[in-house]
């Protein structure tokens, strides 16, 4: 349908370049978020304060707070690169639903059913509450 060199080629090239930039931004932000998540877990290895997986809980809380702040306060000011880098990439890499699920499963598997349920309820409720509070601050 398209003719080479036609007006649609410039539009396609611009859209394709924007898409590639967004993919790179997500890749870089996700890598940085994952490294921060790894550093968080290493830092919590030295502190044994709870049966609950505190590194995962803390990184999910912080990631949710960062995402909420960016989404509710700055989303209109972020160009596609920074939106992709920070919100999709960094927050996606820093938070960890799969680890949260696995650690909750391990608690249940090891007979710590109350802790497993508490971990799930507290984690989800705290993250949703953070988003609610942040959204009210930047309404």
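In the numbering used here, the protein residues as written are -11 to 127.
Here a beta-carbon is modelled for each residue, glycine too, at the ideal position from N, C-alpha and C.
Item	Value
Residue 61 classed as buried or exposed, judged by whether at least 16 other C-beta atoms fall within 10 angstroms	exposed
Within 8 Å, strictly: CB atoms of residue 77 and residue 25	no
Given residue 48 as reference, the closest of 39, 122, 6 and 28 once Cα atoms are compared	28
Beta-carbon contacts of residue 123 that lie in its chain and below 7 Å, excluding the five residues immediately before and after	56 and 60
Three-way DSSP call (helix, strand, coil) for residue 84 in this model	coil
Touching by the beta-carbon criterion (3+ pairs, under 8 Å), the region 4 to 19 and the region 31 to 47	no
Segment limits, alpha helix (DSSP H) that includes residue 51	42 to 57
Cβ pair residue 92, residue 113 closer than 8 Å	no
Cutoff 7 Å; reference residue 104; Cβ partners in own chain excluding five residues on either side	92, 95 and 96
Status (buried if at least 16 other CB within 10 Å, exposed otherwise) for residue 19	exposed
Residue 116: first and last residue of the uninterrupted alpha helix (DSSP H) it sits in	101 to 125
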